[in-house]
Each structure stands twice: as structure tokens, then as C-alpha cells.
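S.K.: The structure is given below, and queries will be raised subsequently.
Number of protein chains: 2
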Amino acid sequence: MKLLEDKITAEGKVLPGNILKVDGFLNHRIDVEFVMLLGKEIARRYEGCGVNKILTIEASGIAVATAAAFYLNVPLIFAKKHKSGNIADDVYSAGAHSFTHGNDYVAVVSKEYLSADDTVLIVDDFLALGSALECLMSIVEQAGGKVAGCASIIEKGYQGGGDKLRAKGVRVESLAIIESMETGKITYRPDEGELL
Amino acid sequence: MKLLEDKITAEGKVLPGNILKVDGFLNHRIDVEFVMLLGKEIARRYEGCGVNKILTIEASGIAVATAAAFYLNVPLIFAKKHKSGNIADDVYSAGAHSFTHGNDYVAVVSKEYLSADDTVLIVDDFLALGSALECLMSIVEQAGGKVAGCASIIEKGYQGGGDKLRAKGVRVESLAIIESMETGKITYRPDEGELL
């Protein structure tokens, strides 16, 4: 999505440790008008796929997932992050590792809100190693539901998480895929499906 | 807001410890269509007040604050929660206590995203003792900005946080104010300003 690539190039900051900071429009200050456009583009890509729920994880994925759910006209579930494995019986849970925060966590979703009847689109802001998406896919599978696919806003293509999932046959749509990144120079993977 | 009161009465669960669980549409599973309506109503109440930013706190306030920001056409900043007081120089921070989670935290906002030029609307999902709102107001004041007011979705009127702020002259709009709550019976404060 050219609009997003231009915004990342203009406003993103490449920090030591291979961190891309997009706090100015996505992760701390949210450019809501722009994020609604991102959600609309995700909805466009998954229209007609039978998605009846979106699943994301707190906290920074919630805004864009809300936008996507609005345009797909489906409810949104956000998994909660727990520190430990001390989890109740009435939830589905799966462990994940955060590349950004450098820690492990357990994602938790109440059994009330996912079932075998669901076709779920998984949405997150960043895709690096794919740990969060795998964890959310595991939760949908525990419920017996179907994963329609995943959508991320920014994929770090060179970290391989997205392509690993694609190789397994999972549909992964990322609105911008970064192939390489250094201060002052971000290179994107061409996106043949894009409209914007 | 009658629509919201009816939804809380129909779907909310009153749990021991004075907890109202609205996980089915607001705090875990999000009824996005409904939450967009809530955001629209917040925007209607603060239209023409010069609001140029909305401030909320992660995680469960983000969806409704996104909706309000969309209809007011302003950016949204969400404060991050830290566990400790070990905070960097480039942020505003203030401590708060969570009634729901029974813990203390420090809310943090980067100095980049708030300034003396800002007129800020503070949005959160729940208002009980008012600790989160006071903490976010303190952050706006540290930046030298002006607080246009606060908006919450569900205020527990009998816990006094909202009225304490109103007595100090702060404008507080809550879309539903619960006067008393027990299993099977929730009583709301009449709302003269409501449209929906």
C-alpha cells in the first residue's frame, strides 16, 4: 500500500536493535483517519471470505482491528496478555514471544467468544517472527474455528515470519512489507494486489 | 444513553466484588458497530469545544476512543501502562490505581505528542473512582495543555469518582451512569442530555 509505505518512510524511525518506531501514527499517537483507511484496505482484501470475527491482541493492534471490523461489519475480539501460565479453565490460551518488547507472554481468549462456527481474520499491527499470529491461530484452532487468514500493517519481510506462514498455506496480507531497513533507507517488497 | 443502558442490562454481568462485566460488547469481544455509535455520541457531546486530540489509556479504552476520534476527526493518543516508576525523561507520567484490576500503575505519554497548544478530550471505558481520568488529566496539565473534559462509557455513579471531578468543575460526560447495581437489577441515573 503505497500510501502506507510513504508514511512509514516519512515518519518512521529506525532504532538500534532492528526496531522500527511508528509511534507517530500507529502505536502511541494514532492517526485515526489514516488507520481507518488501513482497516478499510484489510476489509477489501478479505471481503467475500466468510469472515465473521476478527481476532487481535492488546494493545496496539486494537485500533486498526477496530477499523477493519467496522468495514467488514463483524465483531472484534482482543486477546488479553497474561504474564504467567496461571490460566483459568474457561479460556483458550497460547504462548508467544514479543520481538518488540523482548518478553514472553500468554494470550488468552474466553471460550465464550470463539467457537467451531467461526471463520476468523487475525489482525495485528506488526509482523516480525510471526509469533503473535501463530499464537492467535492456535487459539482459533483450539476453538475448532477456521482461520480465514492474517493481516498485518507492517511486516518485516526479512525476519521471515510472514513467509514461513505463507509456506504453510496461510493467507497473510501485509499492507507494507519491509525487505531491508537502515537509518534513512527503507526498502519495500512490491505489492501486486494493492489499490492504494 | 438508553440504547447503552438497555445493552448493559441485557448483557452485563454483575460479579462479586462490585465488578460489572461487559466483556460481551466492550472489554473483550467488541461489538464494533455499537462501539462506533458510542464514539459518535461522545463526539456529538464535545463538538464545537475545540478538541484537537483525544487521550485514552491502554487497552480496553482504545476501541471506543478510536471511534470518538474518528467522528471528531482528531488524532488519538493512548497512554501506556508501566509497572514501575522507572520512567524516561522524554515522557509525561502519572500514577493511578485500577479498581478493576486492583493494582497500581504509571501511565506514560511521550512528550512529542502533547503540548501547550492542545485541547484534549479524555476518554475511557469505565469510570469508578476516577483515578485513570485524574492521572490522564495530570499528564495533559504537565504538557501545559487544556482538558476540554472527560467522557466515559460506563460510570459507576455510586463510587463517586465522576461527581468528585464535576465538583471541581471538570466536564464529565458518561453515556450510562449506574446508581446501584446488584445481580438482576441495575439502576441508572437519568440523563437529560441524551439523544439516543
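Going line by line, the protein sequences match chains E and Y.
Quick note, the first sequence lines up with residues 1 to 196 if you use this note's numbering.
Quick note, the second sequence lines up with residues 1001 to 1196 if you use this note's numbering.
Here a beta-carbon is modelled for each residue, glycine too, at the ideal position from N, C-alpha and C.
Everything numeric in this text was worked out from a predicted model, so none of it was measured.
(1) If you reduce the DSSP assignment to three classes, tell me which class S138/E lands in.
(2) With the cut-off set at 9 Å, would you say K81/E and V108/E are in Cβ contact?
(3) Within this structure, are the beta carbons of N52/E and D124/E separated by less than 9 Å?
(4) With A1148/Y and L1114/Y assumed to form a contact (beta carbons below 8 Å), what rounded beta-carbon distance in angstroms separates them?
(5) As an exercise, report each continuous alpha helix (DSSP H) stretch of at least 4 residues that is fully enclosed by the stretch 1148 to 1183 of chain Y, in chain order.
(6) How about the stretch 1058 to 1071 of chain Y and the stretch 1031 to 1046 of chain Y: do they share at least three Cβ pairs that are nearer than 8 Å?
(7) Between which two residues does the alpha helix (DSSP H) carrying T1009/Y extend?
(8) Does D125/E come out as helix, strand or coil in the three-state DSSP assignment?
(9) When the Cα atoms are used, what is the spatial distance from C49/E to Y1092/Y?
(10) Is the Cβ of K146/E closer than 9 Å to any Cβ of chain Y?
(11) Between I1186/Y and E1179/Y, what straight-line distance do the alpha-carbon atoms span, to the nearest angstrom?
(12) Skipping 5 residues on each side, what residues in its chain have a beta carbon closer than 8 Å to that of F100/E?
(13) Listing by chain order, which chain E residues have their CB less than 8 Å from the CB of M1036/Y?
(14) Going by beta carbon distance, what residues of the same chain come within less than 6 Å of C1150/Y, once the five residues before and after it are set aside?
(15) I'd like to know whether the C-beta of D23/E is nearer than 9 Å to at least one C-beta of chain Y.
(16) State buried or exposed for P75/E, treating a residue as buried only when at least 16 other CB atoms are found within 10 Å of its CB.
M.R.: Judging by the given coordinates:
(1) helix
(2) Yes.
(3) no
(4) Actually they do not touch by this definition, with Cβ atoms about 13 Å apart.
(5) 1161 to 1167
(6) Note that the stretch 1058 to 1071 of chain Y touches the stretch 1031 to 1046 of chain Y; at least 3 beta-carbon pairs, one per stretch, sit closer than 8 Å.
(7) 1002 to 1011
(8) strand
(9) 44 Å
(10) Chain Y contact via Cβ: absent.
(11) 8 Å
(12) One point to set straight first is that residue 100/E is Thr, not Phe, in the sequence displayed. Closer than 8 Å at the Cβ level, and outside the excluded window around T100/E, lie I19, F126, A128.
(13) Within 8 Å Cβ-Cβ: F70.
(14) The answer, listed in chain order, is I1122, L1133, V1172.
(15) Taking Cβ atoms only, chain Y reaches closer than 9 Å to D23/E, which makes this a yes.
(16) buried
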